[in-house]
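Asker: Handing you a structure now.
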Amino acid sequence: MIDLQLADKKHDEERQGEALVVDAPLIRNGRKLYIESYGCQMNFADSEIVASILLDQGFETTGNYKEADVVFINTCSIRENAEQRVRNRLSQFGVEKRRNPKLIVGVLGCMAERLKSKFLEEEKLVDVVVGPDAYRELPALLSEVESGQKAINVLLSREETYADISPVRLSGNGITAFISIMRGCDNMCSFCVVPFTRGRERSRDPYSILAEANDLFKRGYKEVTLLGQNVDSYKWKGKDAIEEAETEVNFAQLLEKVAVISPDLRIRFSTSHPKDITDEVLYTIAKHDNICNYIHLPIQSGSSRILELMNRTYTREWYINRIDTIRQIIPGCAISSDIIAGFCTETEEEHQETLSMMDYVGYDFAFTFSYSERPGTLAARKLADDIPEEVKKRRLAEILLKQQQTSLYRLQQFVGKTMKILVEGTSKKSDQDFCGRNDQNAMVVFPLTAGVKAGEYVNVYIDRCTSATLLGTVVS
Ligand code: SAH
Ligand code: SF4
Ligand code: F3S
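Mapping of the sequence shown onto this note's numbering: position 236 corresponds to residue 247, and the numbering continues sequentially without gaps.
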């Protein structure tokens, strides 16, 4: 069995410091790999690709970096504090390296791509720096390091999707898994470092996506989340697998193809972009019961002027229209968001527009951030980061408070109802309780029940809630 320490599958753009451990490979080289991941789910999915590549080389994984021969840290650059966390962690690895000079320390992911060879200059303990499109080169790069050199490959690619590499499935519960359907991003949101760290957008071959989803389902998985920075711009052109005819697949069509694998396989996806989400996608969600009624549709700001400065290419009115259309086509659909407080030149009125937008939508959930200037981005080059830190903090606190109230209100609407839950396992807080999610992605906790196992769907009657969790009992 795969044993993995990937804790919560929370939809968090900035998960931090989770190590992955998998079973021993067939061929062993006697060496141990420790890999720790930060950032978005795509980065975590990449760590599974990296683990797969090194397992093929005979590595075993370990959850304890002190017994590792190779330590990889898969990094995130999205905000300054994400990078700071990585640097702090690296200094801990430095202590270990002084004790064991043979230890190889590698930096992977977005910070590797952003800082390139500067990393080798700045952090003397780092031996190898590898960008997100160069993981196939890892075995060669490790050989270089063993021959006494520092090694680096940060080339970005227009084609790499790792489609043929089957990720070692590290999902701790064996029930929910992530599938990357595309890489990179072609949008140029002015605050965002991702286009620089991940390169151009490219869509993965749909047949390899379907094969992966099918394989997961056969192995007992019951939920897949399709991942991309902007899933709505998924577009693949190529030869049809059966008839060899030229064909084109868009996101709605891909969703449908995954949905028909089995009605018992739940489909989620992230992230949707307000400018690109089509009615065809919404109708596809409405048509298939197993495509979850949940859309992560980040607004970033409720002010059209700020949205323009952010280069998000939609207005407040456009976003409202998308929300109204979602509500009309998929009644009861949960909607979540990402919101940035204190972007360059944001006035108090514009901040109020974000709050009023939150009232209008009534998000089920939101990830909220204070603007962090990222070197090299359009905003860093063209706009002054002129909102004082304490103003950003206060605006963020107001956004957070509103979201807490709205989240509670949304959860309260489920109380008194019975809903289908996919049991993911025992609750983190108590081994006497199960946890799982409803269709709308709300976490539900209920007492262990005879005859119920993880990986099954059960009907749960919700009798109460906290601001983050629904509580209930299984009903037949
Ligand atoms: N592709 C997704 C977002 C990926 S990054 C999308 O377009 O919605 C996740 C979130 O981090 C963003 O939605 C944004 O809210 C936040 N973020 C990105 N850059 C940031 C920055 N420089 N400062 C603060 N938050 C930022
Ligand atoms: Fe960044 Fe915008 Fe691309 Fe999202 S869509 S990853 S925010 S550039
Ligand atoms: Fe971070 Fe890179 Fe993801 S910057 S959010 S790990 S794409």
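We put the CB at the ideal spot given by N, CA and C, even for glycine.
(1) Please confirm if the region 403-417 is in contact with the region 220-232, defined as three or more CB-CB distances below 8 Å between the two stretches.
(2) If you draw a straight line from the alpha carbon of Ile331 to that of Leu66, how long is it in whole angstroms?
(3) Among residues of its own chain, excluding the 5 on either side of Lys21, which ones have a beta-carbon nearer than 8 Å to its beta-carbon?
(4) Is Met454 helix, strand or coil by DSSP?
(5) When you measure from the CB of Gln423 to every non-hydrogen atom of the ligand SAH, does any distance come out below 7 Å?
(6) Please list the terminal residues of the continuous beta strand (DSSP E) segment that includes Leu481.
(7) Helix, strand or coil for Glu71, going by three-state DSSP, please let me know.
(8) Tyr218: which of Asp175, Lys431, Asp287 and Arg405 sits nearest, CA to CA?
(9) Using only the heavy atoms of the ligand SAH, determine whether one of them is closer than 7 Å to the beta carbon of Pro498.
(10) For the alpha helix (DSSP H) that contains Ala505, what are its first and last residues?
(11) Answer yes if the region 89-102 comes into contact with the region 138-148, meaning at least three C-beta pairs across the two stretches below 8 Å, and no otherwise.
(12) Ignore the nearest five residues each way along the sequence and tell me which others in Thr365's own chain have a CB closer than 6 Å to its CB.
(13) List the residues that DSSP assigns as beta-bridge partners of Gly462.
(14) CA-CA distance, Gly249 and Arg213?
(15) Thinking Asp243 and His284 are a contact (beta carbons under 8 Å), I'd like their distance in whole angstroms, please.
(16) Taking only heavy atoms of the ligand SF4 into account, decide whether any of them is closer than 7 Å to the Cβ of Gln52.
(17) Check Ala93 in the structure and name its three-state DSSP category.
(18) In whole angstroms, what separates the C-alpha of Val205 from that of Ala395?
(19) Applying the 10 Å Cβ sphere with the 16-neighbour rule, what's the burial state of Gln240?
(20) Can you tell me the Cα-Cα spacing of Gly343 and Asp450, whole angstroms?
(21) Going by beta-carbon coordinates alone, are Cys200 and Met321 separated by less than 8 Å?
(22) Looking at Val204 and the ligand F3S, is the gap between the Cβ and the nearest heavy atom below 7 Å?
(23) The alpha helix (DSSP H) spanning Cys121 covers which residue range?
(24) How should Leu266 be labelled, buried or exposed, when 16 other C-beta atoms within 10 angstroms of its C-beta is the threshold for buried?
(25) Indicate whether the contact test is met: 3 or more Cβ pairs, each with one atom in the region 291-299 and one in the region 263-278, closer than 8 Å.
Answerer: Reading off the structure:
(1) Taking 8 Å as the limit for Cβ pairs, the verdict is that the region 220-232 does not touch the region 403-417.
(2) A straight-line Cα-Cα distance of about 48 Å links Ile331 and Leu66.
(3) Low confidence applies to Lys21: its pLDDT is 38, below 50, so where it sits in the model is not reliable, and the reading given next is rough at best. For Lys21, where only same-chain residues beyond five positions count, there are no Cβ hits under 8 Å.
(4) Strand at Met454.
(5) No, since every heavy atom of the ligand SAH falls outside the 7 Å radius drawn around the Cβ of Gln423.
(6) From DSSP, the beta strand (DSSP E) with Leu481 extends over Thr480 to Val486.
(7) It is a strand residue.
(8) Of the listed residues, the one whose Cα sits closest to Tyr218 is Asp175.
(9) Absent from the structure is residue 498, since the part of the chain shown begins at 12 and ends at 487.
(10) Residue coverage of the chain in this structure runs from 12 to 487, which leaves residue 505 outside it and unanswerable.
(11) Flag = no, the region 138-148 and the region 89-102 do not touch.
(12) Excluding positions up to five away in sequence, the list reads Ser312 and Gly313.
(13) According to DSSP, which records beta bridges pairwise, Gly462 is partnered with nothing at all.
(14) Their Cα atoms are separated by approximately 13 Å.
(15) His284 and Asp243 do touch by the CB rule: their CB atoms are close to 5 Å apart, below 8 Å.
(16) Result no, Cβ not under 7 Å from the ligand SF4.
(17) Assigned with DSSP and collapsed to three states, Ala93 falls in helix.
(18) Taking the straight line from one Cα to the other gives about 20 Å.
(19) It is buried - the Cβ of Gln240 has at least 16 other Cβ atoms within 10 Å.
(20) Here the C-alpha atom of Gly343 lies approximately 10 Å from the C-alpha atom of Asp450.
(21) For Cys200 and Met321, yes; Cβs fall inside 8 Å.
(22) At least one heavy atom of the ligand F3S is nearer than 7 Å to the Cβ of Val204, so yes.
(23) The continuous alpha helix (DSSP H) containing Cys121 extends over residues Cys121 to Leu126.
(24) Answer is buried; the Cβ neighbour count reaches 16.
(25) Contact between the region 291-299 and the region 263-278 is present, because at least three Cβ pairs lie under 8 Å.
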